[in-house]
Amino acid sequence: MQRYFISKNQFVENKVHILDDDAFHLIKVMRAKIEDQFIVSDGETRDVLVEIEQITKNKVIASIIKELDRSNEPTINVWIAQSLPKGDKMDAIIQKNTEIGAIQFIPFISERTIVQYDQKKTNKRMERWYKIAKEAAEQAHRNRVPEIKVISTWRELLNVIPKVDVSFVFYENEDQIYLKDKINGKKVDNETTHTILMVIGPEGGFTAKEILELEEAGCQSVSLGKRILRTETAAMVGLTCVLYEYGEIGGS
């Protein structure tokens, strides 16, 4: 069943008002009709089943049928800090990891980052990334849209590390310590919300100096295996491993 994220002010008493791109998608793409049903979420506290009662040129009004259980989010919070890759790779990183279950994305600049954005391009990218995350969250039937932070400097990224329960940097030169082993040593009881930060470098990887600074800040260097992964692949593999080990996708 189709799902849409809307703002809280679009909930009006026992109805919801679907506007702008969402209304266009319902009307033109989904060919919605009166009495069709779909799911609406405010991304925070409410998921509801609604039924269309009115369609105009650029608005859909639907009545709320019932409140739905909010149970599609992982019990573990995973933040992905991604050094900005070239081209449109960040689009795929946000899309696929939103579907898998990431809670937050932190794009950042490291020494070997190639791309450079001015303020205008940054704003456009942020808008694009949010739209991609929203559509991916709707497709995956998530209860929230992951947060996408403003592009961070290297120093700002280091300052994030003490704010989480545990952090890992995926490093191709690490051949002794594997992610799975470290996850098993950091598991907590199900009553505790646990936040894990995963740090991924750009196409050229991190410098030895950057790895040292990450470790000094409290980030643990780990390996994802013997094969060298592309920057756009590493987060997906790491996130899947973490959620599997915490029993979110069939693990123990």
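Going by the numbering used here, the residue at position 229 of the sequence shown is 455; the numbering climbs one at a time, nothing skipped. Idealized CB from N, CA, C, for every residue including glycine.
Asked, Found
"Three or more C-beta pairs below 8 Å linking the segment 357-367 and the segment 320-334", "yes"
"TYR472, buried or exposed, once every other Cβ within 10 Å from all chains shown has been counted against 16", "buried"
"Start and end residues, alpha helix (DSSP H) containing ARG381", "380-386"
"Status (buried if at least 16 other CB within 10 Å, exposed otherwise) for ILE266", "The identity of residue 266 in the sequence shown is Val, whereas the question assumes Ile. Buried, because 16 or more other Cβ atoms sit within 10 Å of the Cβ of VAL266."
"Range of the contiguous alpha helix (DSSP H) that encloses PHE250", "246-250"
"Buried versus exposed, by CB contacts within 10 Å (16 or more), THR271", "exposed"
"Candidates PHE396, THR339, LEU438: closest to ILE454 by CA position", "PHE396"
"DSSP-derived helix/strand/coil call for TYR343", "coil"
"Span of the alpha helix (DSSP H) around LYS435", "434-443"
"Short Cβ contact (8 Å threshold) for PHE394 with CYS445", "yes"
"Complete runs of the beta strand (DSSP E) confined to the segment 302-379 [at least 3 residues]", "302-309, 330-334"
"Which residues DSSP lists as bridging GLU293, in chain order", "VAL274"
"Which of helix, strand or coil DSSP assigns to GLN280", "strand"
"Simplified DSSP state of ILE409, which is helix, strand or coil", "helix"
"Segment limits, beta strand (DSSP E) that includes LEU423", "420-426"
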